[in-house]
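Q: So the mapping is simple: the working numbering equals the position in the first sequence, first residue as 1, plus 72. Submitted below is the structure of interest, expressed as structure tokens.
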Amino acid sequence: MIKDEIKNLIEKAIKDFTKELVSFSVEMPSDKNNGDYSTNVALILSKKLGKNPAEVANEIKEKIGENKLFSKIEVAGPGFVNFFVADKVFIDILKDVDKNYGKTKSFDHSKKIIIDYTDPNPFKEFHIGHLMSNAIGESLSRIFEFQGAKIKRVCYQGDVGLHVASVIAEKLWTQKDDEIGVWVDGLSGTAIAYVGGVKRSKEDSEFTEFVKKVNKKIYDRTDPEVNKLYDSGKELSLKHFDEIYKKLGTKFDWLIFESETGPVGKRIVEKGLKNEIFERGDKGSIIFKGEEYGLHTRVFINSEGLPTYEAKDLGLAEIKYKKYKYDKSVIITGNEVNDYFKVMLCAMDKVLPDLAKKTKHISHGMLRLPEGKMSSRTGKVITGESLIEQVQELVKEKIKDRNLSEQESKEIIESVAIGAIRYSILKQSAGSDIIYDFDKSISFDGDSGPYLQYAYTRAQSVLQKAKDEGVKTSFKKLPSEITQLEKMISYFPEAILRAEQNYEPHFIALYLTELAGIFNNYYSKNKIVDVADELSPYRIALTEAFSVVMKNGLWMLGIKTLKKM
RNA sequence: GCCCUCGUAGUUCAAUGGAUAGAAUAGAACCCUUCUAAGGUUUAGAUGUUGGUUCGAUUCCAACCGAGGGCACCA
Numbered sequence: 073m074i075k076d077e078i079k080n081l082i083e084k085a086i087k088d089f090t091k092e093l094v095s096f097s098v099e100m101p102s103d104k105n106n107g108d109y110s111t112n113v114a115l116i117l118s119k120k121l122g123k124n125p126a127e128v129a130n131e132i133k134e135k136i137g138e139n140k141l142f143s144k145i146e147v148a149g150p151g152f153v154n155f156f157v158a159d160k161v162f163i164d165i166l167k168d169v170d171k172n173y174g175k176t177k178s179f180d181h182s183k184k185i186i187i188d189y190t191d192p193n194p195f196k197e198f199h200i201g202h203l204m205s206n207a208i209g210e211s212l213s214r215i216f217e218f219q220g221a222k223i224k225r226v227c228y229q230g231d232v233g234l235h236v237a238s239v240i241a242e243k244l245w246t247q248k249d250d251e252i253g254v255w256v257d258g259l260s261g262t263a264i265a266y267v268g269g270v271k272r273s274k275e276d277s278e279f280t281e282f283v284k285k286v287n288k289k290i291y292d293r294t295d296p297e298v299n300k301l302y303d304s305g306k307e308l309s310l311k312h313f314d315e316i317y318k319k320l321g322t323k324f325d326w327l328i329f330e331s332e333t334g335p336v337g338k339r340i341v342e343k344g345l346k347n348e349i350f351e352r353g354d355k356g357s358i359i360f361k362g363e364e365y366g367l368h369t370r371v372f373i374n375s376e377g378l379p380t381y382e383a384k385d386l387g388l389a390e391i392k393y394k395k396y397k398y399d400k401s402v403i404i405t406g407n408e409v410n411d412y413f414k415v416m417l418c419a420m421d422k423v424l425p426d427l428a429k430k431t432k433h434i435s436h437g438m439l440r441l442p443e444g445k446m447s448s449r450t451g452k453v454i455t456g457e458s459l460i461e462q463v464q465e466l467v468k469e470k471i472k473d474r475n476l477s478e479q480e481s482k483e484i485i486e487s488v489a490i491g492a493i494r495y496s497i498l499k500q501s502a503g504s505d506i507i508y509d510f511d512k513s514i515s516f517d518g519d520s521g522p523y524l525q526y527a528y529t530r531a532q533s534v535l536q537k538a539k540d541e542g543v544k545t546s547f548k549k550l551p552s553e554i555t556q557l558e559k560m561i562s563y564f565p566e567a568i569l570r571a572e573q574n575y576e577p578h579f580i581a582l583y584l585t586e587l588a589g590i591f592n593n594y595y596s597k598n599k600i601v602d603v604a605d606e607l608s609p610y611r612i613a614l615t616e617a618f619s620v621v622m623k624n625g626l627w628m629l630g631i632k633t634l635k636k637m
């Protein structure tokens with residue numbers, strides 16, 4: 073990367089000024105009049121030396137001297153050193169663009185990473201919040217994968233616990249004789265029972281007691297009717313989830329269930345109790361006193377002797393490590409569990425210290441509707457599938473007059489719809505909430521997934537034309553001056569690195585949107601394929617490089633590219 | 001009450017302590033006899049309030065105002 077080279081040059085240059093380590097930045101100024109790269113090193117250094125910043129900047133400029141990397145170096149503003157990179161440098165990068173372009177060589181990423189995301193619960197709906205988790209998790213997986221890490225994808229699902237118990241209890245409570253033990257409405261039956269069960273627990277304490285009993289039966293599997301409802305309901309859910317994953321293009325290596333993590337977690341907590349990491353709470357529960365670490369107390373084993381979510385998460389860490397000796401474990405969840413996670417990780421640090429150090433919790437905001445919070449407990453949800461379907465309908469409407477084969481249409485509808493949804497999630501930083509506005513998320517103008525896909529498709533169309541007309545790529549004849557497009561292509565590795573280091577796919581989305589805009593501008597100003605123009609081979613090469621970058625970038629966002637749209 | 005997040009154009013989002021705070025949408029005006037107009041060009045508009053640290057603050061600190069989330073047997 074050019075940035076690293078500049079950083080090295082500066083570090084060498086300032087050795088004569090100070091022996092101390094100076095932390096300075098090299099950045100890309102938004103205003104290109106301030107160079108391609110700029111450093112604030114003189115501003116930082118001048119304070120230590122007690123000198124005028126501009127003077128220091130000039131001395132650094134002299135020290136760096138002539139270098140074929142730059143066309144010029146300038147001192148500007150309060151003491152910035154601005155680097156104008158020579159055109160040749162960008163063209164050399166362009167020449168080297170291949171399918172691995174963007175991979176950071178220095179990065180130690182032959183790492184083993186296990187990443188846990190999506191995590192829908194059987195018996196409940198797959199709602200748009202899961203879509204959000206999936207978009208972020210899948211993208212992070214691919215970013216790491218692209219850098220060379222060995223990734224295992226895990227989907228952790230709550231197949232036991234009170235939420236499941238209330239579904240089964242509600243069904244048992246309300247079912248008619250002719251439907252004993254069967255889910256008459258399929259998957260929606262379980263989701264309806266969930267809503268009903270939650271409502272009933274609030275109103276009827278007798279029912280709440282019944283839910284607890286059912287919960288215990290689910291764990292110990294002593295009741296055949298409960299078992300039957302449970303097994304068939306879980307199977308329905310999993311089959312349904314599988315169809316969604318297929319649409320989304322996610323393939324999990326392992327599905328892990330709370331029914332597996334529960335017993336393991338319970339054992340870990342009981343051992344921790346002996347070692348006085350955990351203690352007894354009210355009514356025989358086992359708790360972790362977070363207050364000693366500035367956190368709050370949480371129950372790990374409840375008074376029924378059953379493991380809670382907390383204990384299960386400890387078990388999950390151990391099970392994952394048994395399956396895969398990971399260097400890093402990434403867990404994606406909603407941010408409403410942030411405080412909970414701090415306590416759980418604190419407890420993990422005491423009972424499973426090695427694993428706790430390898431665990432990274434990434435949380436995303438909520439997907440909220442303009443009119444209020446979405447909750448599966450009240451039934452006010454938009455399911456993942458219904459959203460996908462609605463967006464697909466809009467794409468269908470848009471392409472209905474085009475001359476496309478059935479296969480082409482199907483591919484376009486699916487890819488564009490998923491791309492639009494994924495992009496609307498990944499275009500902003502993961503931590504904050506997304507106000508989900510239907511009309512805007514399905515608009516395909518401007519800052520959107522289809523905008524990126526369209527730019528790629530245009531490039532493909534150009535490349536096809538070049539092929540048809542027999543114009544080949546070449547760097548023999550170069551333009552007198554390069555454009556923003558060449559420069560933007562050279563920034564791709566930096567965008568990936570930033571996304572990866574911050575666990576933030578939106579840096580890639582941001583980059584690609586800017587890149588697509590620059591390409592669209594280039595496209596409108598230049599005729600790329602022109603047999604009569606001696607610059608045409610270069611323009612085609614540039615278009616090809618753009619294509620590769622856009623394709624790889626979109627892949628990292630989990631968005632498919634199309635030849636036609 | 002305590003803890004955590006967050007307040008940026010009308011709206012939805014950007015901005016690794018840096019230079020004139022960027023986009024997109026909605027508005028106004030243009031551009032299809034050049035490779036897909038799902039496109040391009042031009043134009044107007046914003047850092048909640050009050051202090052502090054700094055050569056420099058949207059960014060760090062404090063207080064206040066406002067929004068969301070969490071705080072013992074749900075996940």
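Every residue gets a Cβ at the ideal spot worked out from N, C-alpha and C, and that includes glycine.
Closer than 6 Å by C-beta to glycine 625: which residues in its own chain qualify, once you throw out the five before and the five after it? Chain order, please.
A: Locating residue 625 in the first sequence gives position 553, counting from the first residue. Closer than 6 Å at the Cβ level, and outside the excluded window around glycine 625, lie Ile580 and Leu584.
Q: Candidates Tyr109, Thr262, Glu92 and Trp255: which alpha carbon is nearest glutamate 146's?
A: Along the first sequence, one-based indexing puts residue 146 at 74. That would be Tyr109, whose Cα lies nearest to the Cα of glutamate 146.
Q: Can you list, in chain order, the residues of its chain with a C-beta nearer than 7 Å to that of threonine 529? Leave out the 5 residues immediately preceding and following it.
A: Taking the first residue of the first sequence as position 1, residue 529 is located at position 457. So the list reads Leu634, Lys635, Lys636 and Met637, once near-sequence residues are dropped.
Q: Excluding the five sequence neighbours on either side, which residues of its own chain have a C-beta within less than 6 Å of the C-beta of aspartate 602, listed in chain order?
A: Position 530 of the first sequence holds residue 602. Here the set comprises Ser608.
Q: Starting from threonine 322, follow the beta strand (DSSP E) in both directions and report where the run begins and ends.
A: As a position in the first sequence, residue 322 is number 250, starting the count at 1. Careful: threonine 322 lies outside any beta strand (DSSP E) and carries neither H nor E.
Q: What is the residue span of the beta strand (DSSP E) that arginine 225 lies within?
A: The residue given as residue 225 occupies position 153 in the first sequence. Unbroken beta strand (DSSP E) run through arginine 225: 222–229.
Q: Rounded to whole angstroms, what is the Cα-Cα separation between glycine 387 and glutamate 348?
A: The residue labelled residue 387 in the question sits at position 315 within the first sequence. The residue labelled residue 348 in the question sits at position 276 within the first sequence. Each residue's Cα considered, the two are about 18 Å apart.
Q: Between which two residues does the alpha helix (DSSP H) containing isoleucine 240 stretch?
A: What you label residue 240 is simply residue 168 of the first sequence in a count that begins at 1. Unbroken alpha helix (DSSP H) run through isoleucine 240: 234–246.
Q: I'd like the span of the alpha helix (DSSP H) that includes isoleucine 290, first residue to last.
A: Residue mapping note: residue 290 aligns to position 218 of the first sequence, counting from 1. Looking at the DSSP string, the run of the alpha helix (DSSP H) that includes isoleucine 290 is 277–292.
Q: Would you check if the distance between the CB atom of aspartate 505 and the CB atom of lysine 183 is smaller than 8 Å?
A: Counted from its first residue, the first sequence places residue 505 at position 433. Counted from its first residue, the first sequence places residue 183 at position 111. Taking 8 Å as the Cβ cut-off, aspartate 505 and lysine 183 do not qualify as a contacting pair.
Q: Of all the alpha helix (DSSP H) runs that stay within the bounds of the segment 513–575, which reach a length of 4 or more residues?
A: 521–541, 556–562 and 564–574, all fully within the segment 513–575.
Q: Within a Cβ cutoff of 8 Å, which residues of the same chain sit near alanine 85, ignoring the five residues on either side of it in sequence?
A: One-based indexing of the first sequence puts residue 85 at position 13. Contacts found: Ile132, Lys135 and Ile136.
Q: Leucine 203 and glycine 542 - do their beta-carbons sit closer together than 8 Å?
A: For the purposes of this step, residue 542 is taken as the residue at position 470 of the first sequence. For the purposes of this step, residue 203 is taken as the residue at position 131 of the first sequence. No, the pair does not count as a contact, with Cβ atoms beyond the cut-off.
Q: In chain order, what residues of the same chain have a beta carbon less than 8 Å from the beta carbon of lysine 120, not counting five sequence neighbours either side?
A: Counting from 1 along the first sequence, the entry for residue 120 is found at position 48. Around lysine 120: Thr90, Glu92 and Val94.
Q: Excluding the five sequence neighbours on either side, which residues of its own chain have a C-beta within less than 6 Å of the C-beta of threonine 450, listed in chain order?
A: Taking the first sequence and counting its residues from 1, one reaches residue 450 at position 378. Confidence at threonine 450 is low in this model, with a pLDDT of 45, below 50, so the placement of that residue should be treated as unreliable; the coordinate-derived value is given next. No residues qualify anywhere along the chain.
Q: In whole angstroms, what is the alpha-carbon distance linking alanine 679 and isoleucine 185?
A: This structure does not reach residue 679, given that the chain is present from 73 up to 637, and the question cannot be answered.
Q: With contact counted as at least three CB pairs below 8 Å, one residue from each stretch, are the segment 352–362 and the segment 254–270 in contact?
A: In short, these stretches do not touch, since the Cβ pair count stays below three.
Q: How is glycine 353 classed by DSSP in three states: helix, strand or coil?
A: If you number the first sequence from 1, residue 353 lands on position 281. Three-state DSSP puts glycine 353 in coil, outside helix and strand.
Q: Could you work out which residue in Phe350, Leu320, Val232 and Thr280 is closest to asparagine 299 when comparing CA atoms only?
A: Against the first sequence, residue 299 aligns to sequence position 227. Selected option, being the one with the closest Cα: Val232.
Q: For valine 336 versus isoleucine 358, is the C-beta distance shorter than 8 Å?
A: Taking the first residue of the first sequence as 1, we reach residue 336 at position 264. Taking the first residue of the first sequence as 1, we reach residue 358 at position 286. Not a contact, by the Cβ cut-off of 8 Å.
Q: So, are the CB atoms of valine 153 and alanine 114 less than 8 Å apart?
A: The residue given as residue 153 occupies position 81 in the first sequence. The residue given as residue 114 occupies position 42 in the first sequence. In this structure, alanine 114 lies closer than 8 Å to valine 153 by Cβ.
Q: Considering aspartate 188, what are the terminal residues of the alpha helix (DSSP H) in which it resides?
A: What you label residue 188 is simply residue 116 of the first sequence in a count that begins at 1. Segment 184–188 is the beta strand (DSSP E) holding aspartate 188; no alpha helix (DSSP H) there.
Q: In the DSSP assignment, what are the bridge partners of alanine 148?
A: Translated into positions along the first sequence, residue 148 becomes position 76. For alanine 148, which the question treats as bridged, DSSP gives the partners Phe152.
Q: Measuring CA to CA, which of Glu315, Phe155 and Glu616 is closest to lysine 104?
A: On the first sequence, position 32 is the one that residue 104 refers to. Nearest of Glu315, Phe155 and Glu616 to lysine 104, Cα basis: Phe155.
Q: Start and end of the alpha helix (DSSP H) containing isoleucine 403?
A: On the first sequence, residue 403 is found 331 positions in, with the first residue counted as 1. No alpha helix (DSSP H) holds isoleucine 403; the beta strand (DSSP E) holding it covers 400–406.
Q: Write down every uninterrupted run of the alpha helix (DSSP H) in the segment 451–502 whose length is 4 residues or greater and which is fully enclosed by it, in chain order.
A: Correct list: 456–471 and 478–498.
Q: Is DSSP giving valine 98 helix, strand or coil here?
A: To locate residue 98, count along the first sequence from 1; it is residue 26. Strand at valine 98.
Q: Under 7 Å Cβ to Cβ from leucine 141, same chain only, skipping five residues before and after it: list those, please.
A: In the first sequence, the residue the question calls residue 141 occupies position 69. Within the same chain, leucine 141 has close Cβ partners Glu77, Val157, Ala158 and Val161.
Q: State the beta-bridge partners of histidine 433 as determined by DSSP.
A: By one-based count along the first sequence, residue 433 stands at place 361. Paired residues: Ile403.
Q: Going by the beta-carbon positions, is the gap between glycine 269 and alanine 241 smaller than 8 Å?
A: If you number the first sequence from 1, residue 269 lands on position 197. If you number the first sequence from 1, residue 241 lands on position 169. For glycine 269 and alanine 241, yes; Cβs fall inside 8 Å.
Q: Whole angstroms are fine: how far does the CA of valine 402 sit from the CA of lysine 394?
A: Here residue 394 refers to the residue found at position 322 when the first sequence is read from its first residue. Here residue 402 refers to the residue found at position 330 when the first sequence is read from its first residue. Spanning the two alpha carbons is a distance of roughly 16 Å.
Q: Once you ignore the five residues that flank lysine 171 on each side, which residues in its own chain have a CB closer than 8 Å to its CB?
A: Here residue 171 is taken as the residue at index 99 of the first sequence, counted from 1. Val620 and Asn624, listed in sequence order.
Q: Serine 110 bridges to which residues according to DSSP?
A: For this step, residue 110 is matched to residue 38 along the first sequence. Serine 110 is bridged to Glu99 and Asn154.
Q: Give the range of the alpha helix (DSSP H) segment to which isoleucine 165 is assigned.
A: As a first step, residue 165 must be located in the first sequence, where it is residue number 93. 159–167 is the span of the alpha helix (DSSP H), which, as asked, contains isoleucine 165.
Q: Going by DSSP, what residue range makes up the alpha helix (DSSP H) through phenylalanine 195?
A: On the first sequence, residue 195 is found 123 positions in, with the first residue counted as 1. Looking at the DSSP string, phenylalanine 195 is not in any alpha helix (DSSP H), and its letter there is neither H nor E.
Q: Shortest alpha-carbon distance to isoleucine 612 belongs to which of Asp303, Ile264 and Ala538?
A: Your numbering for residue 612 matches position 540 in the first sequence. Nearest C-alpha to isoleucine 612: Ala538.
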